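K.L.:
Quick one: structure below, then a few questions.
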Amino acid sequence: MDPVEVGKSLIIRRKQVVEDKDESLINLTSNCPSFIKSRGYDDVCVSEEERDFPLAYSLVVHKSAWMVERLVRALYSPSNIYCIHYDQKSSAQFILAIEGLARCLPNVFIASKRESVYYASISRLKADLNCLSDLLESEVRWKYVINLCGQDFPLKSNIELVSEVKKLKGANMLETSRPSDHKKQRYAFHHELRDANFEYQKLPVKTQQVKTPPPHDIEVFSGNAYFVLSWDFVVHLNSSVVVKDFLAWSEDTYSPDEHFWATLVRLPGVPGEVPRSQPDITDLMSKTRLVKWQYLEENLYPPCSGQHVRSVCIFGAAELRWLLNYGHWFANKFDPKVDPILIQCLEEKLAEKQKLFQLVASPTCHKG
(Lines of atoms letter the chains of each structure in order from A; the text may use other names.)
(Lines give C-alpha, C1' and ligand atoms only; values in the text may rest on other atoms or scores of the structure.)
Protein backbone atom coordinates (compact mmCIF):
# COMPACT_ATOMS: atom_id res chain seq x y z
CA MET A 1 0.00 0.00 0.00
CA ASP A 2 1.20 3.52 -0.80
CA PRO A 3 2.10 5.36 2.47
CA VAL A 4 0.69 8.65 1.15
CA GLU A 5 -2.64 7.03 0.28
CA VAL A 6 -2.77 5.32 3.68
CA GLY A 7 -2.08 8.66 5.37
CA LYS A 8 -4.86 10.41 3.46
CA SER A 9 -7.29 7.66 4.37
CA LEU A 10 -6.45 7.88 8.07
CA ILE A 11 -6.82 11.67 8.12
CA ILE A 12 -10.22 11.49 6.44
CA ARG A 13 -11.46 8.87 8.89
CA ARG A 14 -10.65 11.11 11.84
CA LYS A 15 -13.01 13.72 10.46
CA GLN A 16 -16.76 13.67 10.80
CA VAL A 17 -18.16 12.88 7.38
CA VAL A 18 -21.16 14.95 6.35
CA GLU A 19 -23.20 13.03 3.79
CA ASP A 20 -24.95 14.98 1.06
CA LYS A 21 -28.67 14.76 1.69
CA ASP A 22 -31.20 13.67 -0.93
CA GLU A 23 -33.02 16.97 -0.36
CA SER A 24 -30.10 18.96 -1.75
CA LEU A 25 -30.23 17.01 -5.03
CA ILE A 26 -33.99 17.64 -5.18
CA ASN A 27 -33.32 21.35 -4.81
CA LEU A 28 -30.53 21.39 -7.38
CA THR A 29 -32.50 19.46 -10.02
CA SER A 30 -35.48 21.79 -9.60
CA ASN A 31 -33.52 24.08 -11.93
CA CYS A 32 -32.20 21.78 -14.66
CA PRO A 33 -29.99 24.30 -16.51
CA SER A 34 -28.30 25.20 -13.23
CA PHE A 35 -27.87 21.51 -12.30
CA ILE A 36 -26.43 20.60 -15.71
CA LYS A 37 -23.96 23.48 -15.63
CA SER A 38 -22.89 23.07 -12.00
CA ARG A 39 -22.24 19.34 -12.40
CA GLY A 40 -20.46 19.70 -15.75
CA TYR A 41 -22.90 17.74 -17.92
CA ASP A 42 -22.82 20.56 -20.49
CA ASP A 43 -19.06 20.20 -20.85
CA VAL A 44 -18.93 16.50 -21.78
CA CYS A 45 -16.93 15.82 -24.92
CA VAL A 46 -17.91 12.89 -27.18
CA SER A 47 -15.44 11.31 -29.59
CA GLU A 48 -16.52 9.68 -32.84
CA GLU A 49 -15.65 6.29 -31.37
CA GLU A 50 -18.05 6.88 -28.45
CA ARG A 51 -20.76 8.25 -30.73
CA ASP A 52 -20.57 5.14 -32.93
CA PHE A 53 -20.64 2.72 -29.98
CA PRO A 54 -23.32 3.77 -27.47
CA LEU A 55 -23.57 1.85 -24.21
CA ALA A 56 -26.68 1.22 -22.14
CA TYR A 57 -26.85 1.02 -18.35
CA SER A 58 -29.30 -0.58 -15.95
CA LEU A 59 -28.94 0.95 -12.48
CA VAL A 60 -30.81 -0.76 -9.63
CA VAL A 61 -30.68 1.59 -6.65
CA HIS A 62 -32.47 2.24 -3.37
CA LYS A 63 -30.67 4.92 -1.34
CA SER A 64 -28.07 7.73 -1.38
CA ALA A 65 -29.26 9.81 -4.34
CA TRP A 66 -26.01 11.78 -4.56
CA MET A 67 -24.01 8.57 -4.90
CA VAL A 68 -26.30 7.54 -7.77
CA GLU A 69 -25.74 10.92 -9.41
CA ARG A 70 -21.97 10.59 -9.03
CA LEU A 71 -22.12 7.12 -10.59
CA VAL A 72 -24.10 8.44 -13.58
CA ARG A 73 -21.79 11.45 -13.89
CA ALA A 74 -18.65 9.28 -13.85
CA LEU A 75 -20.05 7.26 -16.78
CA TYR A 76 -21.94 10.01 -18.54
CA SER A 77 -21.91 10.44 -22.29
CA PRO A 78 -24.70 12.02 -24.37
CA SER A 79 -24.36 9.04 -26.73
CA ASN A 80 -25.28 6.52 -24.00
CA ILE A 81 -28.65 5.63 -22.45
CA TYR A 82 -29.30 5.09 -18.73
CA CYS A 83 -32.24 3.30 -17.09
CA ILE A 84 -32.65 3.76 -13.34
CA HIS A 85 -34.79 1.35 -11.34
CA TYR A 86 -35.44 2.61 -7.84
CA ASP A 87 -36.82 0.34 -5.13
CA GLN A 88 -40.53 0.91 -4.53
CA LYS A 89 -39.69 0.86 -0.80
CA SER A 90 -37.22 3.75 -1.11
CA SER A 91 -37.85 6.96 0.79
CA ALA A 92 -40.00 9.65 -0.82
CA GLN A 93 -37.03 12.04 -0.78
CA PHE A 94 -34.78 9.56 -2.58
CA ILE A 95 -37.42 8.93 -5.25
CA LEU A 96 -37.93 12.66 -5.81
CA ALA A 97 -34.18 13.17 -6.14
CA ILE A 98 -33.80 10.35 -8.69
CA GLU A 99 -36.81 11.57 -10.65
CA GLY A 100 -35.22 15.03 -10.70
CA LEU A 101 -31.99 13.56 -12.06
CA ALA A 102 -33.89 11.76 -14.83
CA ARG A 103 -35.92 14.87 -15.64
CA CYS A 104 -32.78 16.98 -16.15
CA LEU A 105 -30.78 14.55 -18.30
CA PRO A 106 -32.46 13.62 -21.62
CA ASN A 107 -30.82 10.18 -21.90
CA VAL A 108 -31.58 9.12 -18.31
CA PHE A 109 -35.00 7.63 -17.55
CA ILE A 110 -36.85 5.78 -14.80
CA ALA A 111 -37.87 2.16 -15.38
CA SER A 112 -41.52 2.00 -16.42
CA LYS A 113 -42.17 -0.94 -14.08
CA ARG A 114 -40.63 -0.99 -10.61
CA GLU A 115 -40.30 -3.70 -7.97
CA SER A 116 -40.10 -3.76 -4.20
CA VAL A 117 -36.64 -5.28 -4.06
CA TYR A 118 -35.76 -7.80 -1.34
CA TYR A 119 -32.29 -9.19 -0.79
CA ALA A 120 -31.57 -12.52 -2.55
CA SER A 121 -35.08 -12.71 -4.03
CA ILE A 122 -36.39 -12.77 -7.60
CA SER A 123 -37.28 -9.06 -7.29
CA ARG A 124 -33.61 -8.07 -7.71
CA LEU A 125 -33.44 -9.97 -10.99
CA LYS A 126 -36.78 -8.57 -12.18
CA ALA A 127 -35.55 -5.02 -11.57
CA ASP A 128 -32.77 -5.51 -14.13
CA LEU A 129 -35.14 -7.30 -16.52
CA ASN A 130 -37.54 -4.35 -16.34
CA CYS A 131 -34.76 -1.98 -17.36
CA LEU A 132 -33.57 -4.29 -20.14
CA SER A 133 -37.08 -4.40 -21.58
CA ASP A 134 -37.31 -0.59 -21.53
CA LEU A 135 -33.83 -0.19 -23.02
CA LEU A 136 -34.83 -2.32 -26.01
CA GLU A 137 -37.65 0.15 -26.64
CA SER A 138 -35.42 3.24 -26.41
CA GLU A 139 -34.48 5.29 -29.46
CA VAL A 140 -30.79 4.66 -28.81
CA ARG A 141 -29.52 1.58 -30.67
CA TRP A 142 -26.94 0.69 -28.04
CA LYS A 143 -24.32 -2.01 -28.55
CA TYR A 144 -23.95 -3.44 -25.02
CA VAL A 145 -25.73 -3.08 -21.69
CA ILE A 146 -24.03 -3.03 -18.28
CA ASN A 147 -25.86 -3.36 -14.97
CA LEU A 148 -24.87 -1.50 -11.82
CA CYS A 149 -26.00 -0.98 -8.25
CA GLY A 150 -25.71 2.11 -6.06
CA GLN A 151 -22.44 1.06 -4.41
CA ASP A 152 -20.60 0.33 -7.66
CA PHE A 153 -18.15 2.73 -9.30
CA PRO A 154 -16.29 2.57 -12.62
CA LEU A 155 -12.55 2.03 -12.82
CA LYS A 156 -12.46 3.01 -16.50
CA SER A 157 -13.60 6.17 -18.26
CA ASN A 158 -16.39 5.96 -20.86
CA ILE A 159 -14.04 5.99 -23.83
CA GLU A 160 -11.90 3.28 -22.21
CA LEU A 161 -15.02 1.18 -21.62
CA VAL A 162 -16.07 1.63 -25.25
CA SER A 163 -12.62 0.51 -26.40
CA GLU A 164 -12.66 -2.53 -24.07
CA VAL A 165 -16.25 -3.61 -24.80
CA LYS A 166 -15.69 -3.40 -28.57
CA LYS A 167 -13.05 -6.12 -28.16
CA LEU A 168 -15.79 -8.54 -27.05
CA LYS A 169 -16.98 -8.64 -30.69
CA GLY A 170 -20.43 -9.94 -29.82
CA ALA A 171 -19.42 -12.07 -26.83
CA ASN A 172 -20.84 -11.43 -23.36
CA MET A 173 -18.78 -10.72 -20.24
CA LEU A 174 -19.82 -12.23 -16.91
CA GLU A 175 -18.93 -14.84 -14.33
CA THR A 176 -20.14 -18.36 -15.15
CA SER A 177 -18.86 -21.40 -13.25
CA ARG A 178 -19.94 -24.87 -12.27
CA PRO A 179 -21.75 -24.57 -8.94
CA SER A 180 -20.45 -25.97 -5.67
CA ASP A 181 -22.66 -28.33 -3.67
CA HIS A 182 -23.42 -25.41 -1.36
CA LYS A 183 -24.61 -23.24 -4.26
CA LYS A 184 -26.76 -26.09 -5.61
CA GLN A 185 -28.83 -25.93 -2.42
CA ARG A 186 -30.03 -22.50 -3.50
CA TYR A 187 -32.08 -23.93 -6.35
CA ALA A 188 -32.56 -27.56 -5.32
CA PHE A 189 -35.22 -26.59 -2.77
CA HIS A 190 -38.25 -24.32 -2.80
CA HIS A 191 -37.65 -21.01 -0.97
CA GLU A 192 -40.32 -18.79 0.55
CA LEU A 193 -40.05 -15.04 1.05
CA ARG A 194 -40.60 -14.48 4.77
CA ASP A 195 -40.45 -11.55 7.16
CA ALA A 196 -37.03 -10.88 8.67
CA ASN A 197 -36.49 -8.83 11.81
CA PHE A 198 -33.45 -6.88 10.62
CA GLU A 199 -32.25 -4.72 7.71
CA TYR A 200 -33.53 -7.00 4.94
CA GLN A 201 -37.23 -6.85 5.98
CA LYS A 202 -37.85 -10.05 4.00
CA LEU A 203 -35.61 -12.94 3.00
CA PRO A 204 -36.03 -16.12 0.93
CA VAL A 205 -36.01 -19.03 3.40
CA LYS A 206 -35.22 -22.61 2.37
CA THR A 207 -37.98 -25.18 2.87
CA GLN A 208 -37.81 -28.97 2.72
CA GLN A 209 -39.77 -29.02 -0.54
CA VAL A 210 -37.56 -30.34 -3.32
CA LYS A 211 -37.83 -28.44 -6.61
CA THR A 212 -38.40 -30.07 -9.97
CA PRO A 213 -35.38 -30.12 -12.31
CA PRO A 214 -34.84 -27.03 -14.50
CA PRO A 215 -36.99 -26.90 -17.66
CA HIS A 216 -35.64 -27.93 -21.07
CA ASP A 217 -32.86 -30.00 -19.42
CA ILE A 218 -30.99 -26.78 -18.67
CA GLU A 219 -27.65 -27.22 -16.91
CA VAL A 220 -27.38 -24.59 -14.17
CA PHE A 221 -24.21 -22.53 -13.81
CA SER A 222 -23.33 -20.15 -11.00
CA GLY A 223 -22.01 -16.60 -11.08
CA ASN A 224 -22.97 -13.20 -9.76
CA ALA A 225 -25.53 -10.50 -10.49
CA TYR A 226 -23.27 -8.46 -12.79
CA PHE A 227 -23.17 -8.59 -16.58
CA VAL A 228 -22.05 -6.97 -19.81
CA LEU A 229 -24.48 -8.20 -22.48
CA SER A 230 -24.75 -7.58 -26.21
CA TRP A 231 -27.82 -6.10 -27.89
CA ASP A 232 -28.39 -9.37 -29.77
CA PHE A 233 -28.28 -11.39 -26.55
CA VAL A 234 -30.86 -9.13 -24.86
CA VAL A 235 -33.15 -9.28 -27.91
CA HIS A 236 -32.97 -13.08 -27.74
CA LEU A 237 -33.55 -12.98 -23.98
CA ASN A 238 -36.70 -10.93 -24.46
CA SER A 239 -38.29 -13.33 -26.95
CA SER A 240 -37.10 -16.81 -25.90
CA VAL A 241 -39.61 -19.28 -24.46
CA VAL A 242 -36.73 -21.21 -22.87
CA VAL A 243 -35.59 -18.08 -21.03
CA LYS A 244 -39.16 -17.32 -19.95
CA ASP A 245 -39.58 -20.85 -18.57
CA PHE A 246 -36.24 -20.73 -16.76
CA LEU A 247 -37.16 -17.39 -15.18
CA ALA A 248 -40.44 -18.86 -13.92
CA TRP A 249 -38.58 -21.88 -12.53
CA SER A 250 -36.14 -19.53 -10.75
CA GLU A 251 -38.90 -17.60 -8.95
CA ASP A 252 -38.61 -19.58 -5.71
CA THR A 253 -34.82 -20.00 -5.62
CA TYR A 254 -32.30 -18.17 -3.44
CA SER A 255 -30.51 -15.27 -5.16
CA PRO A 256 -31.62 -16.27 -8.67
CA ASP A 257 -29.64 -13.43 -10.26
CA GLU A 258 -26.50 -15.37 -9.28
CA HIS A 259 -27.40 -18.33 -11.49
CA PHE A 260 -29.79 -16.84 -14.08
CA TRP A 261 -27.28 -14.90 -16.21
CA ALA A 262 -24.48 -17.42 -15.68
CA THR A 263 -26.75 -20.17 -17.03
CA LEU A 264 -28.27 -18.27 -19.95
CA VAL A 265 -24.92 -17.48 -21.59
CA ARG A 266 -24.17 -21.23 -21.59
CA LEU A 267 -27.36 -22.16 -23.48
CA PRO A 268 -26.56 -23.61 -26.91
CA GLY A 269 -27.14 -21.17 -29.75
CA VAL A 270 -27.60 -17.95 -27.76
CA PRO A 271 -25.81 -14.89 -29.19
CA GLY A 272 -22.34 -14.76 -27.67
CA GLU A 273 -22.69 -18.28 -26.25
CA VAL A 274 -20.09 -19.59 -23.81
CA PRO A 275 -20.03 -23.34 -24.64
CA ARG A 276 -20.84 -25.56 -21.67
CA SER A 277 -17.61 -27.46 -22.30
CA GLN A 278 -15.53 -24.34 -21.71
CA PRO A 279 -13.77 -23.89 -18.33
CA ASP A 280 -15.21 -21.77 -15.54
CA ILE A 281 -15.07 -18.00 -15.88
CA THR A 282 -14.48 -16.75 -12.33
CA ASP A 283 -15.17 -13.31 -10.87
CA LEU A 284 -11.46 -12.44 -11.15
CA MET A 285 -11.42 -13.54 -14.81
CA SER A 286 -14.57 -11.61 -15.75
CA LYS A 287 -13.91 -7.87 -15.69
CA THR A 288 -17.48 -6.91 -14.78
CA ARG A 289 -16.87 -6.36 -11.07
CA LEU A 290 -13.90 -6.30 -8.70
CA VAL A 291 -14.98 -7.34 -5.20
CA LYS A 292 -12.84 -8.09 -2.16
CA TRP A 293 -14.14 -10.94 -0.04
CA GLN A 294 -12.91 -10.87 3.55
CA TYR A 295 -12.09 -14.59 3.64
CA LEU A 296 -9.84 -14.29 0.57
CA GLU A 297 -7.85 -11.25 1.70
CA GLU A 298 -4.10 -11.77 2.12
CA ASN A 299 -4.50 -14.71 -0.26
CA LEU A 300 -5.88 -13.38 -3.55
CA TYR A 301 -5.55 -9.67 -2.77
CA PRO A 302 -4.29 -7.26 -0.09
CA PRO A 303 -6.42 -6.59 3.02
CA CYS A 304 -9.32 -4.14 3.01
CA SER A 305 -8.38 -0.65 4.19
CA GLY A 306 -12.01 0.39 4.66
CA GLN A 307 -14.72 -1.64 6.38
CA HIS A 308 -16.47 -4.98 5.86
CA VAL A 309 -20.19 -5.46 5.32
CA ARG A 310 -21.43 -9.06 4.95
CA SER A 311 -17.81 -10.15 4.32
CA VAL A 312 -17.44 -7.66 1.43
CA CYS A 313 -14.90 -4.85 1.60
CA ILE A 314 -16.06 -1.24 1.38
CA PHE A 315 -12.92 0.15 -0.19
CA GLY A 316 -10.67 2.76 1.39
CA ALA A 317 -8.38 5.33 -0.23
CA ALA A 318 -5.33 3.13 0.36
CA GLU A 319 -6.70 0.78 -2.31
CA LEU A 320 -6.91 3.38 -5.08
CA ARG A 321 -3.80 2.24 -6.93
CA TRP A 322 -4.71 -1.45 -6.57
CA LEU A 323 -8.20 -0.79 -7.94
CA LEU A 324 -6.97 1.16 -10.96
CA ASN A 325 -4.19 -1.31 -11.80
CA TYR A 326 -6.13 -4.57 -11.45
CA GLY A 327 -7.73 -4.34 -14.90
CA HIS A 328 -11.43 -4.68 -14.03
CA TRP A 329 -14.02 -2.26 -15.41
CA PHE A 330 -16.05 -1.69 -12.24
CA ALA A 331 -15.70 -2.36 -8.52
CA ASN A 332 -18.00 -2.84 -5.53
CA LYS A 333 -18.44 -1.53 -2.76
CA PHE A 334 -17.98 2.21 -2.26
CA ASP A 335 -19.52 4.38 0.44
CA PRO A 336 -18.74 8.08 1.04
CA LYS A 337 -19.53 7.60 4.73
CA VAL A 338 -16.67 5.09 4.96
CA ASP A 339 -14.14 6.87 2.74
CA PRO A 340 -15.15 9.94 0.70
CA ILE A 341 -11.63 10.66 -0.52
CA LEU A 342 -11.47 7.44 -2.56
CA ILE A 343 -14.56 8.29 -4.61
CA GLN A 344 -13.33 11.84 -5.17
CA CYS A 345 -9.93 10.55 -6.32
CA LEU A 346 -11.57 8.08 -8.70
CA GLU A 347 -13.74 10.85 -10.17
CA GLU A 348 -10.66 12.97 -10.83
CA LYS A 349 -8.66 10.06 -12.28
CA LEU A 350 -11.49 9.04 -14.62
CA ALA A 351 -11.97 12.62 -15.84
CA GLU A 352 -8.24 12.85 -16.57
CA LYS A 353 -8.22 9.53 -18.42
CA GLN A 354 -11.33 10.44 -20.42
CA LYS A 355 -9.68 13.61 -21.74
CA LEU A 356 -6.38 11.88 -22.44
CA PHE A 357 -7.89 8.93 -24.31
CA GLN A 358 -10.22 11.19 -26.31
CA LEU A 359 -7.23 13.19 -27.55
CA VAL A 360 -5.54 9.98 -28.69
CA ALA A 361 -8.68 8.34 -30.11
CA SER A 362 -10.14 11.23 -32.03
CA PRO A 363 -8.84 14.64 -33.09
CA THR A 364 -12.42 15.87 -33.33
CA CYS A 365 -14.48 15.86 -30.18
CA HIS A 366 -18.01 17.24 -30.07
CA LYS A 367 -19.72 18.77 -27.05
CA GLY A 368 -22.95 16.96 -26.23
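Residue numbers (UniProt numbering): 1 to 368.
Note that the Cβ used here is the ideal one computed from N, Cα and C, for glycine as well.
Small disclaimer: the values here were computed from a predicted structure and weren't measured.
What does DSSP give as the partner residue(s) for W293 in the beta ladder?
P.N.:
W293 pairs with V312.
K.L.:
How many whole angstroms separate the CB atoms of P336 and M67, which I take to be in contact at a CB cut-off of 8 Å?
P.N.:
Confirmed, about 6 Å.
K.L.:
Candidates D245, I98, K37 and C313: which alpha carbon is nearest P213's?
P.N.:
Looking at the Cα atoms, D245 is the closest of the given residues.
K.L.:
Going along the chain, which residues of its own chain have a beta-carbon closer than 7 Å to the beta-carbon of L324, five neighbours each way excluded?
P.N.:
Contacts found: L155 and K349.
K.L.:
Using the Cβ count rule (16 or more neighbours within 10 Å means buried), how would you classify residue 390?
P.N.:
Only positions 1 to 368 of the chain appear in this structure, which leaves residue 390 out of reach.
K.L.:
Return the first residue and the last residue of the alpha helix (DSSP H) that V242 is part of.
P.N.:
Element bounds for V242: V241 to S250.
K.L.:
Leaving out five residues on either side along the sequence, give the residues of the same chain with a beta carbon under 8 Å from the beta carbon of L101.
P.N.:
Result list for L101: L25, T29, A65, V68, E69, V72, I84 and V108, in chain order.
K.L.:
Of the residues D43, K183, Q354 and K167, which one's Cα is nearest the Cα of G272?
P.N.:
Considering only alpha carbons, the answer is K167.
K.L.:
Could you tell me whether the stretch 137 to 144 touches the stretch 188 to 204, using the rule of 3 or more Cβ pairs below 8 Å?
P.N.:
With the cut-off at 8 Å, the stretch 137 to 144 and the stretch 188 to 204 do not touch.
K.L.:
So what does D195 bridge to, in DSSP terms?
P.N.:
Answer is K202, bridged to D195.
K.L.:
What are the boundary residues of the beta strand (DSSP E) that H85 is part of?
P.N.:
Its beta strand (DSSP E) spans residues I81 to Y86.
K.L.:
Quick check: is any heavy atom of the ligand ZN less than 7 Å from the C-beta of F330?
P.N.:
Within the structure as shown, the ligand ZN is missing, as the structure has no ligands at all.
K.L.:
Can you find the residues in the same chain that come closer than 7 Å, C-beta to C-beta, to residue 371, ignoring five residues on each side of it along the sequence?
P.N.:
Outside the shown range of the chain (1 to 368) lies residue 371, about which nothing can therefore be said.
K.L.:
Give the straight-line distance between the Cα atoms of I98 and S277, rounded to the nearest whole angstrom.
P.N.:
If I take the Cα positions, the gap works out to 43 Å.
K.L.:
For C313 and L356, I'd like the C-alpha separation in whole angstroms.
P.N.:
If you take the alpha carbons of C313 and L356, they lie about 31 Å apart.
K.L.:
Cutting at 6 Å between CB atoms, please list the residues of its own chain near K89, excluding the five before and the five after it.
P.N.:
For K89, where only same-chain residues beyond five positions count, the Cβ hits under 6 Å are S116.
K.L.:
Given a cut-off of 8 Å on the beta-carbon distance, is the pair W329 and K292 in contact?
P.N.:
Not a contact, by the Cβ cut-off of 8 Å.
K.L.:
Given Q16, which residues of its chain have a CB within under 6 Å of its CB, disregarding the five upstream and five downstream residues?
P.N.:
In this predicted model, Q16 has a pLDDT of only 49, less than 50, meaning its place in the structure is not dependable enough to derive any value.
K.L.:
Give me the residue from Y200, G327, P215 and F227 with the minimum Cα distance to A120.
P.N.:
Looking at the Cα atoms, Y200 is the closest of the given residues.
K.L.:
Note down the Cα distance separating A225 from K367, rounded to an integer number of angstroms.
P.N.:
Straight-line Cα distance between these residues: approximately 34 Å.
K.L.:
Which same chain residues, not among the five before or five after F189, have their C-beta less than 8 Å away from its C-beta?
P.N.:
Same-chain partners within the cutoff: K206, T207, Q208, Q209, V210 and K211.
K.L.:
M173 by DSSP, collapsed to three states: which one?
P.N.:
Strand.
K.L.:
To which residues of the same chain is V162 closer than 8 Å at the C-beta, ignoring the five residues directly before and after it?
P.N.:
E49, E50, F53 and L55.
K.L.:
Just confirm the distance between the C-beta atoms of N332 and R266, as a whole number of angstroms; I'd bet it's less than 8 Å.
P.N.:
The pair is not a contact, with the Cβ atoms about 24 Å apart (cut-off 8 Å).
K.L.:
Measuring alpha carbon to alpha carbon, tell me which of S77, I81, V46 and N172 ends up nearest L59.
P.N.:
Looking at the Cα atoms, I81 is the closest of the given residues.
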